[in-house]
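Student:
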Amino acid sequence: MKTGQKAPLPEPPDPPEGPSARRLLTGDLDLPAVELAQRLIGVMLLCEGVGGVISETEAYGRDDAASHSFRGPTLRNRSMFAGAGAVYVYRSYGLHWCFNIVARDAGAVLIRALEPRSGVDLMRQRRGRTDHLATGPGRLAQALAINIRHDGHDATAEPFALLDRLQEPDILMGPRIGINRERDRPWRFGLKGSRWLSRPIPAGGEPIAASVPRKEWESLP
DNA sequence: ATTATGATGCTCT
DNA sequence: GAGCATCATAATT
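When we follow the working numbering, the leftmost residue of the first sequence carries the number 130, and every step to the right adds one.
1. Tell me Arg152's beta-bridge partners as DSSP assigns them.
2. Looking at the secondary structure, which residues open and close the beta strand (DSSP E) in which Arg241 lies?
3. Between Leu158 and Ala195, is the Cβ-Cβ spacing less than 8 Å?
4. Output the distance between the C-alpha atoms of Gly171 and Gly201, rounded to the nearest integer angstrom.
5. If you draw a straight line from the alpha carbon of Leu224 to that of Val216, how long is it in whole angstroms?
6. Return the Cβ separation of Ala232 and Pro288 in integer angstroms, given the expectation that the two are a contact with Cβ distance under 8 Å.
7. CA-CA distance, Asp250 and His282?
8. Do you know whose CA, among Thr259, Arg256, Ser184, lies nearest Leu239's CA?
9. Checking 8 Å against the spacing of the C-beta atoms, do Met209 and Ser221 come in under that value?
10. Between which two residues does the alpha helix (DSSP H) containing Arg168 stretch?
11. Between Phe318 and Phe228, what straight-line distance do the alpha-carbon atoms span, to the nearest angstrom?
12. Assuming Gly319 is part of the beta strand (DSSP E), what are its boundary residues?
13. Give the DSSP-derived three-state secondary structure of Leu269 in the structure shown.
14. Quick one, are the C-beta atoms of Gly303 and Gly236 less than 8 Å apart?
15. The beta strand (DSSP E) with Ile300 in it runs from where to where?
16. Just verifying my parser: in three-state terms, what is the DSSP assignment at Ser198?
17. By DSSP, does Ile330 sit in helix, in strand, or in coil?
18. How far does the beta strand (DSSP E) with His225 in it reach, from first residue to last?
19. Taking the beta carbon of His101 as the centre, do at least 16 other beta carbons fall within 10 Å, making it buried, or is it exposed?
20. Can you grab the Cα-Cα spacing for the pair Ala284 / Ala332, in whole Å?
This is the structure:
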């Protein structure tokens with residue numbers, strides 16, 4: 130019998146998604162932030178061919194005090210006002226880059242984690258380690274070499290690619306991480322059962338029907 | 001296992 | 001000067 134030792138994690142194989150997945154277009158991204166955040170779970174994100182399957186997202190709405198767009202356009206957040214499908218990149222805590230895809234009406238979806246699938250060796254090299262390659266927004270950006278120079282680019286065009294999922298995933302929801310305002314909104318979404326999450330989704334964050342928006346979350350009290 | 005803390009740069013008050 | 005949509009390391013149960 131085994132001791133309590135945890136088994137080393139097998140590294141992910143290359144391209145299971147294959148070339149058959151449809152590439153998402155700007156029109157696919159023109160959704161309210163809460164819907165887009167769910168729509169992107171299971172989608173493959175690549176930057177110059179390096180990336181994997183999105184496993185965790187967070188939605189930030191226009192009328193959401195936790196959102197960078199809440200107080201209107203500024204130099205930093207101008208990409209959030211560039212229309213759905215734009216890339217919004219900002220620096221976090223002075224050290225890390227965070228990658229967002231802009232949703233409808235100056236909302237955005239923070240891509241918080243993905244399952245490495247393509248270019249894993251390069252991701253390891255950039256991260257300087259073999260595990261925890263893209264679980265967490267700062268780690269993800271480092272692994273994909275995303276930085277401020279990508280701000281304002283089109284998420285559906287080179288160097289980026291979004292390849293659609295082939296099946297509707299089961300999605301968990303929970304409170305967003307690292308914010309102090311609007312803590313009550315369960316706008317963090319994760320692929321059910323995935324180990325590629327920055328943190329587990331707390332129990333009680335019940336599964337929701339994949340990609341079905343809940344209107345009651347969309348309006349402010 | 002969980003909690004604390006320092007690093008670091010930019011935007012807005 | 002305050003406050004971050006964070007992460008890695010160290011200290012502590």
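Every residue, glycine too, gets a C-beta built ideally from N, C-alpha and C.
All values reported here derive from a predicted model rather than from experimental measurement.
Tutor: Concretely, from the data shown:
1. Leu292
2. 237 to 247
3. no
4. 31 Å
5. 19 Å
6. 21 Å between Cβ atoms; not a contact.
7. 25 Å
8. Ser184
9. no
10. 162 to 168
11. 16 Å
12. 317 to 320
13. helix
14. no
15. 300 to 303
16. coil
17. coil
18. 225 to 231
19. As shown, the chain starts at 130 and ends at 350. That puts residue 101 outside it, with no answer to give.
20. 33 Å
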